[in-house]
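Each step along the sequence shown adds one to the number in our numbering, with nothing skipped, and position 67 is 67.
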Amino acid sequence: MKIAKDTVVTVHYKLSDAQDNLIEDGREPMVYLHGGYENTLPKIEEELDGKETGYASIIQVEPEDAFGEYDPALVKVEARDRLPEPLEVGMQFEGMPDDAEEGNDALIFTVTDIADDKVVLDGNHPLAGIALRFSLKVAEVRAATEEEIAHGHVHGAHGHQHDDEEDDDEGEAGDQFRTHPIH
Ligand SMILES: [Zn+2]
1 MKIAKDTVVT
11 VHYKLSDAQD
21 NLIEDGREPM
31 VYLHGGYENT
41 LPKIEEELDG
51 KETGYASIIQ
61 VEPEDAFGEY
71 DPALVKVEAR
81 DRLPEPLEVG
91 MQFEGMPDDA
101 EEGNDALIFT
111 VTDIADDKVV
121 LDGNHPLAGI
131 ALRFSLKVAE
141 VRAATEEEIA
151 HGHVHGAHGH
161 QHDDEEDDDE
171 GEAGDQFRTH
181 PIH
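Shown next, in the form of structure tokens:
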């Protein structure tokens with residue numbers, strides 16, 4: 001079966017930067033709904049469209065087509081007592097950029113440095129400003145179910161799990177290459 005709109009694609013991948021430093025080894029394959037549902041990067045969909053099981057390739061995706069350029073304006077320094085304890089580098093908080101206007105979306109800020117009474121928070125995506133090299137190999141292609149198409153995501157193994165009636169489509173852990181890993 002060829003990869004086309006409304007197919008579910010299982011793809012093994014490795015993610016590295018443009019210098020081939022491994023970022024993610026993809027032990028678990030990525031399983032996504034193909035066809036512009038923003039389940040994965042558009043450049044990956046473009047590369048795999050029309051391909052079949054067994055297809056393998058390596059693509060490089062520039063920051064502008066992935067997580068954007070690094071924006072120094074999104075780095076801010078906060079007084080430590082404004083943040084919860086215990087505090088560690090790498091922790092993430094939802095917050096607003098300093099120059100936020102009404103209606104702006106909150107960003108995820110990552111703690112990148114802690115001094116005595118100050119904390120450096122970086123609102124850039126951890127992969128911002130990095131050209132990403134994906135090594136891809138298609139493992140399976142199947143037709144999506146009507147329910148998957150209606151929800152805009154994959155169900156079942158490796159897919160979206162519904163814990164209860166509430167359909168919370170956001171905030172799934174991991175999968176940093178997703179176009180909208182955070183909300
Ligand atoms: Zn669903």
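Note that CB positions come from ideal geometry on N, CA and C, so glycine has one too.
Taking the Cβ atoms as the reference, residue 68 lies roughly 14 Å from residue 97, outside the contact range of under 8 Å. With contacts defined by Cβ atoms closer than 8 Å, residue 130 and residue 89 do not form a contacting pair.
Beta-bridge analysis with DSSP links residue 108 to 94. Look at the segment 1-62 and you find these whole runs of beta strand (DSSP E), each 3 residues long or longer: 7-17, 22-24, 30-33, 56-61. Between ligand 1 and the CB of residue 162, the shortest heavy atom gap is smaller than 7 Å. By the 16-neighbour rule on beta-carbons within 10 angstroms, residue 87 is exposed. Straight-line measurement puts the Cα of residue 94 at about 29 Å from the Cα of residue 45.
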